Every structure is written in structure tokens, then in C-alpha cells.
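Peer 1: Following this message is one structure expressed as C-alpha cells.
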């Protein structure tokens, strides 16, 4: 895989800030993959391509879904920021030739999460939250925890995201709540 070509194409597709964020997610995903023994190549690909649909209009996001095998629920269709994950998986496959189901899944679920998160899913979800360009209250605590206990870091990040969305009177996707609950249950069993 020629990462330089992928980066060049993304630079043309994304605005400056989104592209810088993408590079930060790539870097963070690689570090997390190395730390937790995941595939660095998968983490790099998913990190690079996770936001490849982020700068598309809602109209174009919905158009890319037409005829696709990716199924989205009503809330994903209604809440534009939720669409870029599923559509990103389509673009990664159709426009970038990515065939690895694990990479496509990590891209698809990087926004909402899922109750049955794989290690790669977790790495991309968290890398998106803690990449070096992100600045929000408590981010350093999550960054440190990310290299101690991945699940606990996701629980903390997810909880803060839920509170952020509630404070803005936004809806919370059920998969996000299910992901958090699944991770909490898993931790209780240990």
C-alpha cells in the first residue's frame, strides 16, 4: 500500500484542519497498535481513511450510500455527522481499493462505536479522540490512560462525549451507549 498516494489524495479531498487531524489519528493509531500488538498496517490505513467522507455534503453522503451494501439506521441518515463513518467505509473500498473487512469496519464504526468492538475498532475510535491536535477538557487524562487500559480510556472518552452531546441537546446514538455498557460489563467480569 502506497501511503504517500493515499495522503496526497486525502489532502485534495479534505480541508486543511481535517487533513491535519487525519495525520494525527494515523500517528496515534500506529502508536496504539504497536503498544497493544495490533496490525500497524491496518491501524495506519484505518487512521488515514477514517474521515475520508467528512467533507462531503449530506446530499453526497446519502448518494454514496445508494446501492451500497452498507446499511445505516434512521438516526444515521438524519444526523449528518454520523454518516461519514459508514460512507467513509464505502469510499475506502470503492475509491481507495481497501478490501480488508477489519479496516472497513473500523472506519465504519469510528464515530458511534459498537458493542462488539474489535481491537482495531477500539484503536481507531480512541485515536480519533486523543490525537495530538485535539484539545478538550480532560484530554490528557484520556491520553495517558490510553496506554494503560484501552477499554477504560474508551469508557472515559465515551462518557465525556455523551455528556458533551447531552449539554448541547443532541441525540446520542444507541450503539454508543451499547458500546460503553459492553465495555463496563466486560470490566466488571474481570
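In full-length UniProt numbering, the protein residues as written are 1 to 190.
No residue lacks a Cβ here, since even glycine has one placed at the ideal position from N, Cα and C.
As the structure is a prediction and not an experimental result, all values here were calculated from the model.
1) For the alpha helix (DSSP H) that contains residue 86, what are its first and last residues?
2) Which residue's Cα is closest to the Cα of residue 110: 94, 142 and 49?
3) For residue 87, tell me which candidate among 58, 117 and 1 has the shortest Cα-Cα distance.
4) Using a threshold of 8 angstroms, state whether the C-beta atoms of residue 55 and residue 14 are closer than that.
5) Using beta-carbon positions only, say whether residue 65 and residue 89 come within less than 8 angstroms of one another.
6) Are the CB atoms of residue 10 and residue 28 within a distance shorter than 8 angstroms?
7) Residue range of the alpha helix (DSSP H) that residue 1 falls in?
8) Taking Cβ positions, are residue 163 and residue 146 nearer each other than 8 angstroms?
9) Checking 8 angstroms against the spacing of the C-beta atoms, do residue 34 and residue 25 come in under that value?
10) Where does residue 128 fall in DSSP's three states?
11) By the three-class DSSP mapping on this structure, what secondary structure does residue 59 have?
12) Can you tell me the Cα-Cα spacing of residue 98 and residue 2, whole angstroms?
13) Helix, strand or coil for residue 198, going by three-state DSSP, please let me know.
14) What are the start and end residues of the alpha helix (DSSP H) that includes residue 27?
15) Does the distance from the CB of residue 154 to the CB of residue 126 come in under 8 angstroms?
16) Assuming residue 61 and residue 53 make a contact with CB atoms under 8 angstroms, what is their CB distance in whole Å?
17) DSSP state of residue 101, grouped into three classes?
18) Quick check on DSSP: helix, strand or coil for residue 177?
19) From which residue to which residue does the alpha helix (DSSP H) around residue 40 run?
Peer 2: In short:
1) Element bounds for residue 86: 80-94.
2) Among 94, 142 and 49, the Cα nearest to that of residue 110 belongs to 49.
3) For residue 87, the nearest C-alpha among the options comes from 58.
4) A Cβ-Cβ contact shorter than 8 angstroms links residue 55 with residue 14.
5) In this structure, residue 89 does not lie closer than 8 angstroms to residue 65 by Cβ.
6) For residue 28 and residue 10, no; Cβs fall outside 8 angstroms.
7) No residue range can be given for residue 1, since it is assigned to no alpha helix (DSSP H) and is classified by DSSP as neither H nor E.
8) Their beta carbons are not under 8 angstroms apart, which means residue 163 does not touch residue 146 by this criterion.
9) Not a contact, by the Cβ cut-off of 8 angstroms.
10) Looking at residue 128 - three-state DSSP - the assignment turns out to be helix.
11) Three-state DSSP puts residue 59 in a helix.
12) Straight across, the Cα-Cα distance linking residue 98 with residue 2 is about 12 angstroms.
13) Outside the shown range of the chain, which is 1 to 190, sits residue 198, and nothing can be said about it.
14) Residues 16-36.
15) Their beta carbons are under 8 angstroms apart, which means residue 154 touches residue 126 by this criterion.
16) With 8 angstroms as the limit, residue 61 and residue 53 qualify as a contact, their Cβ atoms being about 6 angstroms apart.
17) The answer is helix: DSSP assigns residue 101 an H, G or I state.
18) Residue 177 carries a helical assignment under DSSP once its states are collapsed to helix, strand and coil.
19) Counting along the chain, the alpha helix (DSSP H) containing residue 40 begins and ends at 40-49.
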